[in-house]
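Enquirer:
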Amino acid sequence: MRRVAVVGAGMTKFIHRALETPKELSWLAAKAALDSAEMKLDQVDCVVEGTAPDAFDGVHMNGEYLSDGCGAWKKPYLRCYVGGGTGVYALAQGWFHIASGLFDTALVVCEEKMSTCLPHPQAAFLTIFDNITEQPLKPNLLWIFALEMNRYMSVHGYSVEDIAKVSVKNKRNALGHPSAQLGAELTVKDVLASEIMAWPVHRLMVSPTSDGAAAVLLASEEVAKRVTNKPVWVQGVGWCLDSAYWTNRDLYYPDYVEKAAWMAYRMAGIREPRKEINLAEPYDPFAYKELHHLEGLQLAPKGQAPRLLADGVFDRDGDLPTCPSGGLLGVGNPIAAAGMMKLCELFWQLRGEAGPRQVPGRPRRGVAQAWGDLMQVGTVVVMGVN
Amino acid sequence: MAGQPTNVRGTPVRSADLKKGRVFTTTYVPRIQYAWDTGQAIGRYLEELKNGRLIARRCNNCQRIMIPPRMFCERCFGPTHAWVVVKDTGTVNTFSLSYVSWDVRRLKKPEIPAVIEIDGASKGMGILHVLGNVSPKAVRIGMKVRAVWKPAQQRTGSITDIAYFEPIKGKAPAAKRTAKKPFKAKAKKSKSRKRR
Numbered sequence: 002m003r004r005v006a007v008v009g010a011g012m013t014k015f016i017h018r019a020l021e022t023p024k025e026l027s028w029l030a031a032k033a034a035l036d037s038a039e040m041k042l043d044q045v046d047c048v049v050e051g052t053a054p055d056a057f058d059g060v061h062m063n064g065e066y067l068s069d070g071c072g073a074w075k076k077p078y079l080r081c082y083v084g085g086g087t088g089v090y091a092l093a094q095g096w097f098h099i100a101s102g103l104f105d106t107a108l109v110v111c112e113e114k115m116s117t118c119l120p121h122p123q124a125a126f127l128t129i130f131d132n133i134t135e136q137p138l139k140p141n142l143l144w145i146f147a148l149e150m151n152r153y154m155s156v157h158g159y160s161v162e163d164i165a166k167v168s169v170k171n172k173r174n175a176l177g178h179p180s181a182q183l184g185a186e187l188t189v190k191d192v193l194a195s196e197i198m199a200w201p202v203h204r205l206m207v208s209p210t211s212d213g214a215a216a217v218l219l220a221s222e223e224v225a226k227r228v229t230n231k232p233v234w235v236q237g238v239g240w241c242l243d244s245a246y247w248t249n250r251d252l253y254y255p256d257y258v259e260k261a262a263w264m265a266y267r268m269a270g271i272r273e274p275r276k277e278i279n280l281a282e283p284y285d286p287f288a289y290k291e292l293h294h295l296e297g298l299q300l301a302p303k304g305q306a307p308r309l310l311a312d313g314v315f316d317r318d319g320d321l322p323t324c325p326s327g328g329l330l331g332v333g334n335p336i337a338a339a340g341m342m343k344l345c346e347l348f349w350q351l352r353g354e355a356g357p358r359q360v361p362g363r364p365r366r367g368v369a370q371a372w373g374d375l376m377q378v379g380t381v382v383v384m385g386v387n
Numbered sequence: 008m009a010g011q012p013t014n015v016r017g018t019p020v021r022s023a024d025l026k027k028g029r030v031f032t033t034t035y036v037p038r039i040q041y042a043w044d045t046g047q048a049i050g051r052y053l054e055e056l057k058n059g060r061l062i063a064r065r066c067n068n069c070q071r072i073m074i075p076p077r078m079f080c081e082r083c084f085g086p087t088h089a090w091v092v093v094k095d096t097g098t099v100n101t102f103s104l105s106y107v108s109w110d111v112r113r114l115k116k117p118e119i120p121a122v123i124e125i126d127g128a129s130k131g132m133g134i135l136h137v138l139g140n141v142s143p144k145a146v147r148i149g150m151k152v153r154a155v156w157k158p159a160q161q162r163t164g165s166i167t168d169i170a171y172f173e174p175i176k177g178k179a180p181a182a183k184r185t186a187k188k189p190f191k192a193k194a195k196k197s198k199s200r201k202r203r
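Residue numbers (the working numbering), protein chains in the order written: chain A, 2 to 387; chain B, 8 to 203.
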């Protein structure tokens, strides 16, 4: 397999409702990624697109609709989709194209416009539950997160307060992000005082619905070395799905994230993740999810992530900064674009270009992860400077 | 240095802009209907719900009794082997108190969704349902519950033929309740990787 580098990245603002159409948002992000690498569309061999359920836009075959905005005119083009895991998985999809030797460059664009769906995009989530045995109970997407969070807290003996610290950290980190929708200086008390949506989930522990897009440009080693002196290498990719019978599993631990992580780590030659990874962008659509995923990613022992968080290990200046971007809780959560935003963040952090968000100590390797479908998919990408 | 990303674009639309028609929108209300075939396993599951009982499928190869039932085992990938009538009682594996409906209306009285591990099925085999006839404050993980069935003539062959699950009185929760005291942070930030 050939080595693959990220050579450019770009994104839009993440906002509650954007005037721009999904196509226009895609174009803004894709163009920004190309511009950052000082490359033109005719230097792009193929295009990969990631976007989540068609139900948000109400546009069937959304991938085809978006293609022009992604720069796919008369190019090999492929949409990929694994629910919330799409944004990180899309880079793996682009990686195949180049690692296989088929192409030298790939533009990977992720877009989501959730605001279109009325009265609230939440209602579109009803149809992800089992159509016959679960939908008649009128489930709410918050349910599964609340059920999983309660199980996680209960098995390990943590309180809502322990979890709330994730919201405080990520929303504070987001203050340094120019695209952020919900950067804020908050206290644990503020988080606990916010409305209870579905106990134990409070409003400030939930990422917002957002409109936005993010993109990266991938290149083969030969092209990468020609176009930049700071390529960031894709060292490993991994993904894994657990059973859709989600009520038959113990939700306290994401086995599928562990499997996906080890797939990526093996490829990257990582044996001891906690010693060999300098920063992480775990998927944080809900506050507890970051901790849950850090354990799945082997970056905290099972049940220990809340303790490490309280010790400051995951702060921007801690031993292992997590979500230095501000994460989904702070920057926003346009589903597929949010995962891609995490990869953009690794790119900027590893190049030392993250400005006020820059983690100290010249990080050499980072991991990003996303999650989705019916509590069942983990997607992981490891990137590094060599 | 400002830091990447620079020059980010995207134009916010405010609710007032929408309400007052300052931006153009067009609307679409899809009208589509589906008739989902229930298949063999779930067809029987629904039939038995109408009869007021829960039924599972056993995989002899994996020694698992699975609910909801399925005609093939997703682990060994062979056919499942037999129907097993299981109990309509179980244990709360996890729960939530939801103050938001599926279409994001606010609720004064919370819905109490729960994963309930069904007695007679393999350990950990739960189904999604709701709890009722219980004070939200009294719900615990580990609580023993039983199905409250709708009257026979009102059942339609749906998971909602069980109105809700209610606590079985006199059966104390098996598990201790969630810790309420937050974990206390160490006074100093850990500086060394070795401490982990």
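Just so it is clear, CB atoms sit at the ideal spot from N, CA and C, and this is done for glycine as well.
Per DSSP, what kind of secondary structure is B/N173 in: helix, strand or coil?
Expert: Along the second sequence, one-based indexing puts residue 173 of chain B at 166. What sits at residue 173 of chain B in the sequence shown is Glu, not Asn. B/E173: strand per DSSP, three-state reduction.
Enquirer: Can you give me the Cβ contacts of B/L53 inside the same chain, cut-off strictly under 7 Å, excluding the 5 residues immediately before and after it?
Expert: As a working mapping, residue 53 of chain B is identified with position 46 in the second sequence. These residues qualify, in order along the chain: T45, G164, S165.
Enquirer: Decide if A/Q370 is buried, meaning its Cβ has at least 16 other Cβ atoms within 10 Å, or exposed.
Expert: Taking the first sequence and counting its residues from 1, the one referred to as residue 370 of chain A is at position 369. Under this definition A/Q370 is a buried residue.
Enquirer: On the DSSP letters alone, give me the boundaries of the beta strand (DSSP E) that B/R112 sits inside.
Expert: As a working note, residue 112 of chain B is residue 105 in the second sequence. Element bounds for B/R112: n/a, residue is neither H nor E.
Enquirer: Which residues in chain B have a C-beta closer than 8 Å to the C-beta of A/H121? List them in chain order.
Expert: What you label residue 121 of chain A is simply residue 120 of the first sequence in a count that begins at 1. The answer, in chain order, is D110, V111.
Enquirer: Out of B/G97, B/C83, B/R82, B/R60, which one is the CA nearest neighbour of B/W90?
Expert: On the second sequence, position 83 is the one that residue 90 of chain B refers to. When only C-alpha atoms are compared, the closest one is B/R60.
Enquirer: Taking buried to mean at least 16 other C-beta atoms within 10 Å of its own C-beta, is B/P37 buried or exposed?
Expert: As a first step, residue 37 of chain B must be located in the second sequence, where it is residue number 30. It is exposed - the Cβ of B/P37 has fewer than 16 other Cβ atoms within 10 Å.
Enquirer: For a test of the three-state rule: what should DSSP assign to A/E1, helix, strand or coil?
Expert: Chain A is shown only over 2 to 387; residue 1 of chain A falls outside these bounds and no answer can be derived.
Enquirer: Can you tell me the Cα-Cα spacing of A/A107 and B/P76, whole angstroms?
Expert: Mapped onto the first sequence, residue 107 of chain A falls at position 106. Mapped onto the second sequence, residue 76 of chain B falls at position 69. So the two alpha carbons sit approximately 44 Å from each other.
Enquirer: CB A/A262 to CB A/V83, shorter than 8 Å?
Expert: Mapped onto the first sequence, residue 262 of chain A falls at position 261. Mapped onto the first sequence, residue 83 of chain A falls at position 82. Not closer than 8 Å, so no.
Enquirer: Using 8 Å as the threshold, is the region 15-35 of chain A in touch with the region 61-73 of chain A, meaning 3 or more CB pairs across them?
Expert: The region 15-35 of chain A, when compared against the region 61-73 of chain A, does touch it at the 8 Å Cβ threshold.
Enquirer: Look at the Cβ atom of B/W156, then the Cβ atom of B/A170, and state whether they are nearer than 8 Å.
Expert: In the second sequence, the residue the question calls residue 156 of chain B occupies position 149. In the second sequence, the residue the question calls residue 170 of chain B occupies position 163. For B/W156 and B/A170, yes; Cβs fall inside 8 Å.
Enquirer: Relative to the C-alpha of B/W43, which candidate in A/V48, A/E223, A/T128, A/D256 has its C-alpha closest?
Expert: For the purposes of this step, residue 43 of chain B is taken as residue 36 along the second sequence, with counting starting at 1. Ranking A/V48, A/E223, A/T128, A/D256 by Cα distance to B/W43 puts A/T128 first.
Enquirer: What are the boundary residues of the beta strand (DSSP E) that includes A/T87?
Expert: Reading the first sequence from its first residue, position 86 is the one you call residue 87 of chain A. It is not in any beta strand (DSSP E) - A/T87 instead sits in the alpha helix (DSSP H) that spans 87-100.
Enquirer: 8 Å is my cut-off, CB to CB: does B/G85 come that close to chain A?
Expert: Along the second sequence, read from residue 1 onward, the residue named residue 85 of chain B stands at position 78. Not an interface residue.
Enquirer: Within 8 Å of any Cβ in chain A, is that where the Cβ of B/R16 sits?
Expert: Position 9 of the second sequence, counted from the first residue, corresponds to residue 16 of chain B. With 8 Å as the cut-off, B/R16 counts as an interface residue toward chain A.
Enquirer: Within 8 Å of any Cβ in chain B, is that where the Cβ of A/K14 sits?
Expert: Looking up residue 14 of chain A in the first sequence gives position 13. Interface residue, yes.
Enquirer: Is the separation between the beta-carbon of A/L176 and that of A/E186 shorter than 8 Å?
Expert: Mapped onto the first sequence, residue 176 of chain A falls at position 175. Mapped onto the first sequence, residue 186 of chain A falls at position 185. Cβ distance < 8 Å, so A/L176 and A/E186 count as in contact.
Enquirer: What separation, rounded to the nearest whole angstrom, lies between the Cα atoms of A/N132 and A/S244?
Expert: Taking the first sequence and counting its residues from 1, the one referred to as residue 132 of chain A is at position 131. Taking the first sequence and counting its residues from 1, the one referred to as residue 244 of chain A is at position 243. When rounded, the distance between both Cα atoms is 16 Å.
Enquirer: Around the C-beta of A/T52, are 16 or more other C-beta atoms found within 10 angstroms, so that it is buried, or is it exposed?
Expert: Here residue 52 of chain A is taken as the residue at index 51 of the first sequence, counted from 1. By the 10 Å Cβ count, A/T52 comes out buried.
Enquirer: Determine, for B/E81, whether the minimum Cβ-Cβ distance to residues of chain A falls below 8 Å.
Expert: Translated into positions along the second sequence, residue 81 of chain B becomes position 74. Chain A contact via Cβ: present.
Enquirer: Give the straight-line distance between the Cα atoms of A/A225 and A/K231, rounded to the nearest whole angstrom.
Expert: The count along the first sequence starts at 1 and reaches residue 225 of chain A at position 224. The count along the first sequence starts at 1 and reaches residue 231 of chain A at position 230. Answer to the nearest angstrom: the Cα atoms are 9 Å apart.
Enquirer: By alpha-carbon positions, which one of B/L104, B/L135, B/C66 ends up nearest to A/K147?
Expert: Indexing the first sequence from 1 puts residue 147 of chain A at position 146. The question names Lys, yet the displayed sequence has Ala at residue 147 of chain A. Taking only the C-alpha atoms, the option nearest A/A147 is B/L104.
Enquirer: Can we say the region 315-331 of chain A touches the region 280-295 of chain A, given the rule of at least three CB pairs closer than 8 Å?
Expert: Contact holds: three or more Cβ-Cβ distances are below 8 Å.
Enquirer: Within a Cβ cutoff of 6 Å, which residues of the same chain sit near A/A56, ignoring the five residues on either side of it in sequence?
Expert: Here the question's residue 56 of chain A lines up with position 55 in the first sequence. Here the set comprises A125.
Enquirer: Can you check which of these residues, A/V368, A/V332, A/K75, A/D58, is closest to A/Q182 by C-alpha distance?
Expert: If you number the first sequence from 1, residue 182 of chain A lands on position 181. Looking at the Cα atoms, A/V332 is the closest of the given residues.
Enquirer: When burial is assigned at 16 or more other CB atoms within 10 Å of the CB, is B/T101 buried or exposed?
Expert: Along the second sequence, read from residue 1 onward, the residue named residue 101 of chain B stands at position 94. It is buried - the Cβ of B/T101 has at least 16 other Cβ atoms within 10 Å.
Enquirer: With distances taken from CA atoms, which of A/I278, A/D256, A/H121 is nearest A/L351?
Expert: Position 350 of the first sequence, counting from 1, holds the residue named residue 351 of chain A. Nearest C-alpha to A/L351: A/I278.
Enquirer: I need the straight-line Cα distance from B/R71 to A/A30, nearest angstrom please.
Expert: If you number the second sequence from 1, residue 71 of chain B lands on position 64. If you number the first sequence from 1, residue 30 of chain A lands on position 29. Whole-angstrom Cα-Cα distance: 49 Å.
Enquirer: Going by DSSP, name the residue or residues bridged to A/M264.
Expert: As a position in the first sequence, residue 264 of chain A is number 263, starting the count at 1. DSSP output for A/M264 lists no bridge partner at all.
Enquirer: Is A/Q359 close to chain B, meaning its C-beta is less than 8 Å from at least one C-beta of that chain?
Expert: Along the first sequence, one-based indexing puts residue 359 of chain A at 358. A/Q359 counts as touching chain B.
Enquirer: Could you tell me which uninterrupted beta strand (DSSP E) segments, each at least 3 residues in length, are contained entirely in the region 202-243 of chain A, listed from first to last along the chain?
Expert: Listed in chain order, the complete beta strand (DSSP E) runs (minimum 3 residues) inside the region 202-243 of chain A are 212-221, 233-242.
Enquirer: From what residue to what residue does the alpha helix (DSSP H) around A/M150 run?
Expert: Within the first sequence, numbered from 1, the residue matching residue 150 of chain A stands at position 149. Its alpha helix (DSSP H) spans residues 142-157.
Enquirer: Quick one, which of B/A159, B/R64, B/T87, B/R16 has its alpha-carbon nearest A/I16's?
Expert: What you label residue 16 of chain A is simply residue 15 of the first sequence in a count that begins at 1. The candidate whose alpha carbon is nearest that of A/I16 is B/R16.
Enquirer: Would you kindly work out how many angstroms separate the C-alpha atoms of B/I62 and B/V93, rounded to a whole number?
Expert: For this step, residue 62 of chain B is matched to residue 55 along the second sequence. For this step, residue 93 of chain B is matched to residue 86 along the second sequence. Computed Cα separation, rounded: 6 Å.
Enquirer: For A/L252, which residues in chain B fall below 7 Å Cβ to Cβ?
Expert: Mapped onto the first sequence, residue 252 of chain A falls at position 251. T101, listed in chain order.
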